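Report on the following structure.
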Amino acid sequence: MLASEFGLAVCLNDGVGGFRAPARVGGSVLARDVALVDLDRDGALDIVAAEALAGTVTVYSGDVEPSVRARVAVSVGVDPSGLAVGDWDRDGWLDVVVRNVGDGTLQALMNDGAGVLLARPPFEASDVVDRIGVGDLDGDGLLDLALATGWSESLVILSGLGDGVFAQRRAYGVWRPAWNVCPSTSTACRSSSRWCR
Ligand SMILES: [Ca+2]
Ligand SMILES: [Ca+2]
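Note that the working numbering has the sequence shown beginning at 171, numbered continuously upward.
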């Protein structure tokens with residue numbers, strides 16, 4: 171999966187370790203982050219993109235050629251630039267959180283049980299958020315968020331309350347700018363960092 175200023179493209183494995191030519195995802199535009207997740211549980215991965223300039227989180231779905239996938243765009247905050255995936259309300263359907271860099275907010279998008287994302291109101295993220303880690307950090311069964319805040323040099327924890335609501339902010343100073351965070355119970359971390367534990 172490629173995300174570029176020209177949009178999204180899928181590179182299929184040719185079965186022998188190589189890749190076929192990139193296939194453009196129809197209708198896609200500049201995306202700063204992308205996640206592959208089966209939102210509608212049909213067995214085929216859906217493409218979820220944070221399309222920054224468009225101000226949308228867009229889902230490209232369907233087990234078909236990338237160019238003809240169904241496209242559903244959800245308006246979010248300003249300059250959506252990062253995604254995290256988890257089942258925030260424990261209904262068995264995966265949901266999304268997007269970080270809107272342009273207005274300093276986070277925003278949950280809840281799966282309606284048919285693969286359609288419904289945006290909840292944005293809430294302030296306090297500091298600039300560079301990466302969102304996901305895990306149940308307090309053991310209450312609800313997924314929480316761990317935010318790496320870059321030059322703010324802090325690790326911010328937001329406890330999940332279910333239904334896409336996150337509260338009880340706790341901040342911990344770190345000794346260097348933190349660009350990424352990977353809770354050890356999470357499989358959501360998609361890039362390496364020497365600061366991850
Ligand atoms: Ca859910
Ligand atoms: Ca929790």
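From the three backbone atoms N, C-alpha and C, an ideal C-beta is built for every residue, glycine too. Just so you know, these numbers come straight off a predicted model, no measurement behind them.
Check whether the Cβ atoms of residue i and residue j sit closer than 8 Å, and answer yes or no.
{"i": "A222", "j": "R194", "result": "no"}
{"i": "G272", "j": "D300", "result": "no"}
{"i": "A243", "j": "A224", "result": "yes"}
{"i": "I302", "j": "R269", "result": "yes"}
{"i": "D259", "j": "G283", "result": "no"}
{"i": "A318", "j": "A337", "result": "no"}
{"i": "T226", "j": "S245", "result": "yes"}
On the criterion of 16 or more Cβ atoms from any shown chain inside 10 Å, does residue i qualify as buried, or is it exposed?
{"i": "G330", "result": "buried"}
{"i": "G256", "result": "buried"}
{"i": "P291", "result": "exposed"}
{"i": "L178", "result": "buried"}
{"i": "D394", "result": "Since the first residue shown for the chain is 171 and the last is 367, residue 394 is missing from the structure and cannot be characterised."}
{"i": "V326", "result": "buried"}
{"i": "A234", "result": "Looking at the sequence itself, residue 234 is Val, so the reference to Ala does not match. Exposed is the call here."}
{"i": "V267", "result": "buried"}
{"i": "A278", "result": "buried"}
{"i": "A191", "result": "exposed"}
{"i": "D216", "result": "buried"}
{"i": "S231", "result": "buried"}
If we ignore side chains and look at the alpha-carbon of each, how far apart do residue i and residue j end up?
{"i": "T275", "j": "V186", "result": "43 Å"}
{"i": "W345", "j": "V218", "result": "33 Å"}
{"i": "F145", "j": "L182", "result": "The displayed coordinates of the chain run from 171 to 367. Any statement about residue 145 would go beyond what the structure contains."}
{"i": "N350", "j": "V180", "result": "25 Å"}
{"i": "V199", "j": "T228", "result": "10 Å"}
{"i": "S322", "j": "L328", "result": "16 Å"}
{"i": "R241", "j": "G196", "result": "8 Å"}
{"i": "G285", "j": "A341", "result": "33 Å"}
{"i": "M280", "j": "A295", "result": "18 Å"}
{"i": "G213", "j": "L288", "result": "21 Å"}
I want to see whether chain C comes within less than 8 Å of residue i, judged by CB atoms only; does it?
{"i": "V207", "result": "Within the model displayed, chain C is absent; a lone protein chain is all it includes."}
**Q.** Entirely enclosed beta strand (DSSP E) segments - the stretch 281–348, minimum 3 residues
**A.** The qualifying runs are 287–289, 301–305, 314–318, 324–332 and 335–343.
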